[in-house]
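Reviewing the structure listed below.
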Amino acid sequence: MRNNLWLFCLSWLCVISLQAQQTPTSSSYSFTLDEAIEFALENSYQSINARRDVAKALKRKWETTADGLPQISGLIDYQNQLKQPVTPLPGEIVGGEPGTFVPVVFGVKQQVSATATLNQLIFDGSYLVGLEAAKSFLQFNNDSEEKTLLEVRKGVINAYGSVLVAQESVKILENNVAALEKNYNETKTIFENGLAEEEDVEQLQITLLQIQNQLSNAKRLEKIALQMFNLALGVDVDANTTLTDDLDSLTMKNMDQSIATTPFIMENNVDYRLAYLLTEQRRLELKLEKSRALPRLSAFINYGTSAFDDDFVFLDSGTPWFQSSILGASLNIPIFSSLKRSARSQQAKIAFEQSNTEFIQAQQQIQLQYNSSLSDYKLSIENYETSKKNLSLAERIEKKNQIKYSEGLATSFDLRQAQLQLYSSQQEVLQTMLDIINKKAELETILNTPKNK
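Note that the numbering used here has the sequence shown beginning at 72, numbered continuously upward.
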């Protein structure tokens with residue numbers, strides 16, 4: 072019976088082990104673009120660390136606040152004078168001869184003391200400035216987190232579009248290879264029957280080999296684009312991820328030119344707010360230097376107890392303990408620093424003025440960035456419309472040359488040129504579609520599109 076039980080347990084463990092080995096090690100994901108953005112805002116590496124920065128700023132704010140709150144400390148001190156110091160006293164004290172000395176030991180060998188002290192800052196100008204600075208620092212980290220989320224959003228959009236373009240490029244190249252292989256095989260058969268020249272076969276073979284190489288490279292780029300997308304999401308780069316939006320609909324969705332008429336409010340731009348907070352930091356530094364001329368007032372109170380004996384009897388209940396307590400205050404008044412404080416204040420003032428100039432420059436740069444981004448977005452739409460027309464023309468030209476070639480009215484070189492022009496137009500359309508997606512994402516970032524949009 073016991074042997075049967077052991078065999079049953081062993082069999083069950085083997086089944087569990089096989090099932091565990093068959094379980095996929097990587098997770099699978101499926102995303103629309105909006106779902107991918109929402110996922111990345113919560114799980115990307117940048118988003119996670121941005122939230123940690125805000126949490127650190129909150130702790131730093133409390134650290135600064137705590138400096139002005141009561142501070143309590145305790146001290147326990149034990150001393151054992153293994154060799155007590157000897158003090159010589161005049162011999163006359165004990166009836167000795169004048170000019171002689173008697174060695175005397177004062178005190179006891181061992182002592183223990185315990186003291187608790189409460190310190191309270193009453194007034195310090197630098198502390199008040201520090202509270203303002205901590206609040207400003209927290210706001211800076213909140214705005215930095217917002218900027219990070221905007222950049223994560225833009226990065227996911229760019230990566231999503233790149234994957235779709237890579238996938239579409241592979242499909243187009245596969246169709247091109249299939250069409251070229253058909254042309255090549257037909258022409259080769261005609262050549263073998265003596266009805267075509269060998270150069271015609273060679274021209275098609277050159278084109279076919281080139282497109283096959285492009286297809287192989289496109290497949291590699293598709294894999295890399297998907298890995299970069301996974302990295303932007305914050306998942307394993309080799310995770311099985313499926314994109315459910317298609318390139319055409321995503322392009323049409325991003326061709327909404329109403330964004331071009333959206334008023335640009337400078338104060339909503341996160342870079343503007345960060346630049347302003349840097350100016351605010353310089354203002355607080357100037358205020359801090361000026362506050363150093365103010366007095367600093369603090370108070371303290373302590374309570375202690377101590378015991379003394381030649382032997383270690385401090386844990387005995389009968390040992391006498393002696394209490395003590397002190398209440399005090401300290402007022403530190405800066406009087407004269409040989410103009411050191413004045414020099415530091417002047418330095419801080421100059422730095423503040425520099426920051427104001429840099430803030431004005433930052434505003435101009437942000438405005439220029441918006442104007443440039445808006446122009447690039449409009450150009451991407453114009454390029455897309457043009458590339459679509461060029462593709463239509465290239466398809467017609469290639470089709471005409473196919474007919475002429477089959478009828479002997481065009482050379483294989485003419486056909487090859489028409490085919491290469493068509494393939495170039497196809498890739499140009501894909502690139503302009505990606506440009507529309509990316510340029511709009513850039514414009515939305517400058518306009519500070521809400522992170523959940």
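C-beta: ideal position from N, C-alpha, C; glycine also.
Item                                                                                                                                                                                         : Value
Measure from the alpha carbon of R131 to the alpha carbon of each residue in V308, V236, S144, E203, then state which is nearest.                                                            : E203
Taking the straight line between their C-alpha atoms, what separation do you get for V234 and S240?                                                                                          : 10 Å
Taking all protein chains shown into account, decide if M337 is buried (16 or more other Cβ within 10 angstroms of its Cβ) or exposed.                                                       : exposed
What do you reckon, are the CB atoms on T312 and N427 nearer than 8 Å?                                                                                                                       : no
Can you find the residues in the same chain that come closer than 8 Å, C-beta to C-beta, to A331, ignoring five residues on each side of it along the sequence?                              : L445, Y448, K449
Please state whether DSSP places L189 in a helix, a strand or coil.                                                                                                                          : strand
Please name the residue or residues paired with T376 in a DSSP beta bridge.                                                                                                                  : A185, Q394
A289 and A205: beta carbons closer than 8 Å?                                                                                                                                                 : no
Any idea what DSSP makes of N120, helix, strand or coil?                                                                                                                                     : helix
Note the first and the last residue of the continuous alpha helix (DSSP H) segment covering T312.                                                                                            : No alpha helix (DSSP H) holds T312; the beta strand (DSSP E) holding it covers 311-314.
Hey, R412 and R363 are a contact pair by Cβ (cut 8 Å); roughly how many whole angstroms apart?                                                                                               : 5 Å
What does DSSP give as the partner residue(s) for D387 in the beta ladder?                                                                                                                   : The partner list for D387 (beta bridge, DSSP) is empty, contrary to what the question assumes.
Mapping DSSP to helix, strand and coil, what is L160?                                                                                                                                        : strand
Which whole-angstrom value describes the C-beta separation of L518 and F335, a residue pair presumed to lie in contact below a C-beta threshold of 8 Å?                                      : 7 Å
Alpha carbon to alpha carbon, how far is Y347 from P95? Give it in angstroms, no decimals.                                                                                                   : Its pLDDT being 39, under 50, P95 is placed unreliably by the model, and the measurement read from it follows with that caveat. C-alpha separation (whole angstroms): 50 Å.
Please work out which residues of its chain come closer than 6 Å, Cβ to Cβ, to A378, disregarding the five sequence neighbours upstream and downstream, and give them in chain order.        : V183, F385, T390, W392
State yes or no: is the beta carbon of P161 nearer than 8 Å to at least one beta carbon in chain C?                                                                                          : No chain C appears in the structure shown, which is made up of a single protein chain.
Starting from the C-beta of K225, find all residues in its chain whose C-beta is less than 7 Å away, skip the five residues before and the five after it, and write them out in chain order. : A512, E513, T516
Do I108 and V227 come within 8 Å of each other at the CB atom, strictly closer than that value?                                                                                              : yes
Would you kindly check if the distance between the Cβ of R415 and the Cβ of E360 is under 8 Å?                                                                                               : yes
May I have the straight-line CA-CA distance separating F371 from P405, to the nearest angstrom?                                                                                              : 21 Å
If you follow the beta strand (DSSP E) that L146 is in, where does it begin and where does it stop?                                                                                          : 142-151
Do you know how far the Cα of S287 is from the Cα of K470?                                                                                                                                   : 26 Å
Return the CA-CA distance between A128 and S115, expressed in angstroms with no decimal places.                                                                                              : 20 Å
Around the C-beta of N454, are 16 or more other C-beta atoms found within 10 angstroms, so that it is buried, or is it exposed?                                                              : buried
Do you know offhand how far N284's Cα is from S207's?                                                                                                                                        : 56 Å
Assign L368 to one of three DSSP states: helix, strand, or coil.                                                                                                                             : strand
Any chance the segment 495-503 sits against the segment 457-467, with 3 or more Cβ pairs inside 8 Å?                                                                                         : yes
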